[in-house]
């Protein structure tokens, strides 16, 4: 592949635009660096996830949480998909691990168990 020759005008334009980065189009000496913006977005998302109550499909949660409870504590209802082994335990194991940690620290009360996931 041949390289193009850069004209003098193009290099002048580059000097005028050197205070901007190509990746973010923000000034290099911005008052809010990208790390601070990321942290602000992360904390606002975490706050939002704890405060906002949104619509959910109860069956969707039941299929993971009831199975996780059965894995952690040895009792609970399993539907035929779980009894026949046609569903994977990967997703419920995430919650089962959380339930076991709660039980280890004696926080396995209904209040914590329903709000933890």
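Residue numbers (the UniProt record's numbering): 1 to 117.
Just so it is clear, CB atoms sit at the ideal spot from N, CA and C, and this is done for glycine as well.
Query	Result
For residue 77 and residue 66, the rounded distance between their alpha carbons	7 Å
Cβ distance (whole Å) where residue 99 is taken to contact residue 72 below 8 Å	4 Å
Nearest to residue 59 (by Cα), restricted to the options 36, 37, 79, 51	79
Residue 92 and residue 68 closer than 7 Å at C-beta	yes
Straight-line Cα distance separating residue 51 from residue 127	As displayed, the chain neither begins before 1 nor continues past 117, which places residue 127 out of reach and without an answer.
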